[in-house]
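Residue numbering for the sequence shown follows the working numbering, starting at 12 and increasing by one per position.
I have placed the structure first, in the form of structure tokens, so that the comments after it can refer back to it.
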Amino acid sequence: MSNQVPLHEGLFTWPAAKPQLLGSRCNQCAEATFPAQPDCRSCGSRQTTIVELGDRGILWTWTIQTFMPKQPYRSDETPETFRPYGVGYVEMPGGVRVEARLQANSPDQLQIGMPMQLDIIPFRTDKNGNQKMTFSFSAAQGV
Ligand SMILES: [Zn+2]
Numbered sequence: 012m013s014n015q016v017p018l019h020e021g022l023f024t025w026p027a028a029k030p031q032l033l034g035s036r037c038n039q040c041a042e043a044t045f046p047a048q049p050d051c052r053s054c055g056s057r058q059t060t061i062v063e064l065g066d067r068g069i070l071w072t073w074t075i076q077t078f079m080p081k082q083p084y085r086s087d088e089t090p091e092t093f094r095p096y097g098v099g100y101v102e103m104p105g106g107v108r109v110e111a112r113l114q115a116n117s118p119d120q121l122q123i124g125m126p127m128q129l130d131i132i133p134f135r136t137d138k139n140g141n142q143k144m145t146f147s148f149s150a151a152q153g154v
């Protein structure tokens with residue numbers, strides 16, 4: 012029986028019918044951060060609150076990863092099965108820029124300013140047979 016568990020805790024709501032990215036917001040200056048931080052990078056306050064950043068954003072910049080990243084990148088991929096993928100920064104409502112893997116892997120599928128949606132996808136399977144889930148973005152549907 013395989014379970015779907017987050018690759019890292021606290022990055023997105025899971026399990027959820029409509030997962031949301033999680034970040035933190037400073038109680039003093041309202042600066043939002045992803046991933047969530049206990050301290051505010053902007054004003055140094057130690058008062059931050061976990062907030063949902065949403066599941067839609069705008070592609071701010073992107074590139075295509077054409078070779079296998081070095082360790083500690085751990086997926087089920089090998090140099091033989093590796094396929095290029097997009098990496099980008101997605102600007103969420105409120106202005107937080109989130110670095111994320113993109114489902115698109117070809118430059119003609121990606122355009123700065125395009126609407127993106129959050130997808131929770133399997134990253135690898137651990138030794139207990141659990142599917143480790145991570146987040147990525149793809150072109151938003153139905154906008
Ligand atoms: Zn602050």
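Glycine included, every Cβ here is placed at the ideal spot set by N, Cα and C.
How would you label residue i, buried or exposed, when you count the other beta carbons within 10 angstroms and need 16 or more for buried?
| i | result |
| --- | --- |
| glycine 55 | exposed |
| alanine 27 | exposed |
| phenylalanine 146 | buried |
| proline 90 | exposed |
| serine 35 | buried |
| proline 30 | buried |
| threonine 136 | exposed |
| aspartate 66 | buried |
| threonine 59 | buried |
| isoleucine 132 | exposed |
Could you check how far apart the C-beta atoms of residue i and residue j are, in whole angstroms? I think they sit under 8 Å.
| i | j | result |
| --- | --- | --- |
| leucine 64 | methionine 127 | So it is not a contact: roughly 13 Å between Cβ atoms. |
| valine 98 | leucine 113 | 6 Å |
| tyrosine 100 | threonine 72 | 5 Å |
| methionine 144 | valine 16 | 7 Å |
| alanine 111 | alanine 150 | Their Cβ separation, rounded to whole angstroms, is 13 Å, which puts alanine 111 and alanine 150 out of contact at 8 Å. |
| leucine 18 | threonine 24 | That pair is no contact at about 14 Å. |
| alanine 47 | glycine 21 | 6 Å |
| isoleucine 75 | proline 95 | 5 Å |
What does residue i pair with, by DSSP beta-bridge criteria?
| i | result |
| --- | --- |
| isoleucine 61 | Ser35 |
| tryptophan 73 | Gly99 |
| phenylalanine 23 | Leu32 |
| arginine 94 | Partner(s): none; arginine 94 has no beta bridge. |
| alanine 47 | BP columns for alanine 47 are empty, so no partner. |
| phenylalanine 148 | Leu113 and Leu129 |
| threonine 136 | Gln142 |
- Give a yes or no on contact between the region 39-48 and the region 80-99, applying the rule of three or more CB pairs nearer than 8 Å. no
- Listed in chain order, which residues are found with a beta carbon closer than 5 Å to a heavy atom of ligand 1? Cys37, Gln39, Cys40, Glu42, Cys51, Ser53, Cys54 and Ser56
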